[in-house]
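Colleague: The working numbering numbers the first residue of the sequence shown as 108 and each following residue consecutively.
By construction, the Cβ of each residue, glycine as well, lies at the ideal position given by its N, Cα and C atoms.
Have a look at this one.
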Amino acid sequence: MDSLTLAFQDRTDLKKAAARRLRASGRIPAVVYGQGKSVSISVEEAEFSLNFHRFGENTIIQLKDGKTSFDVLVRDYQDDILTGKIRHIDFYQVSSTKTLHAKIPLHLAGTPAGVREGGLLEQLVHEVEVECLPKDLPHEIKVDVSNLLVGQSIHAGDLAGFAGVKFLLNADTVVAHVISTKTLNVEATPVVEETAATDTAAPAPEKKA
């Protein structure tokens, strides 16, 4: 499990003008919810953004202010379309004794033998929902596909497990496979409809004397 610690400050003025002032001072307004009453806080923008882009949404964050601490996950966030800066964060407080559900990114590692033979690797599943305690939450799931041949697949049941982590995905689900590029290049044979030609022309109108 990846984890990091961030300092936070309580936020009592919840008006829009106060939120704008916070952002101007380099802080991000945020809310912590999930275990009773929600708490309004703010975190330092530079520190959060640096760590968030390094660790992602599946990292347990310990928020501290010197007297209080929360173990949280980033449940949602809003960013500015123009600047890319994060404008608001929803933190979900987790309990060390209660299991949680999370979607973990799945990454393929290696170049399949089938690709070197001219096949094409297709990844059909990009994240896997898991159930586990916060301390067991994996940051990512890596799958070695280097031995995969053309026509072979990796199923969810083939994924290497993590201690204390349950995959909530049908074991028969195809995660990735290598297909032949020949099947992609096969063109449907055009159906030519032959219209029987009428050899007999319509009789010309008779000339009247």
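Can you give the Cα-Cα distance for T175 and Q169, rounded to whole angstroms?
Modeller: Going by the C-alpha atoms only, they are around 10 Å apart.
Colleague: How about D318 and A220: do their beta carbons lie closer than 8 Å?
Modeller: No statement about residue 318 is possible, as the shown extent of the chain runs from 108 to 316 and does not include it.
Colleague: Return helix, strand or coil for F269, following the three-state DSSP convention.
Modeller: Note: F269 maps to coil in three-state DSSP.
Colleague: Three-state secondary structure (DSSP) at V179?
Modeller: Residue state, collapsed to three classes: strand.
Colleague: Mark H208 as exposed unless 16 or more other C-beta atoms lie within 10 angstroms of its C-beta, in which case mark it buried.
Modeller: With fewer than 16 Cβ atoms within 10 Å of its Cβ, H208 is classed as exposed.
Colleague: Between the stretch 178-185 and the stretch 198-208, do at least 3 Cβ pairs fall closer than 8 Å?
Modeller: At 8 Å Cβ cutoff, the stretches touch.
Colleague: Taking a contact to mean a Cβ-Cβ separation below 8 Å, would you say V257 touches E224 in this structure?
Modeller: Taking 8 Å as the Cβ cut-off, V257 and E224 qualify as a contacting pair.
Colleague: Applying the 10 Å Cβ sphere with the 16-neighbour rule, what's the burial state of G268?
Modeller: Looking at its Cβ environment, which holds fewer than 16 other Cβ atoms inside 10 Å, G268 is exposed.
Colleague: For V235 and D120, what's the separation of their Cα atoms in angstroms?
Modeller: Looking at the two C-alpha atoms, the distance is approximately 39 Å.
Colleague: By the 10 Å Cβ neighbour count, where 16 or more other Cβ atoms means buried, how is N165 classified, buried or exposed?
Modeller: With 16 or more other Cβ atoms within 10 Å, it is buried.
Colleague: By the 10 Å Cβ neighbour count, where 16 or more other Cβ atoms means buried, how is A124 classified, buried or exposed?
Modeller: Classification for A124: exposed.
Colleague: For the stretch 189-249, which segments carrying the alpha helix (DSSP H) assignment without a break, of at least 4 residues, lie completely within its bounds, in sequence order?
Modeller: Entirely contained in the stretch 189-249, the alpha helix (DSSP H) runs reaching 4 residues are, in chain order, 220-223.
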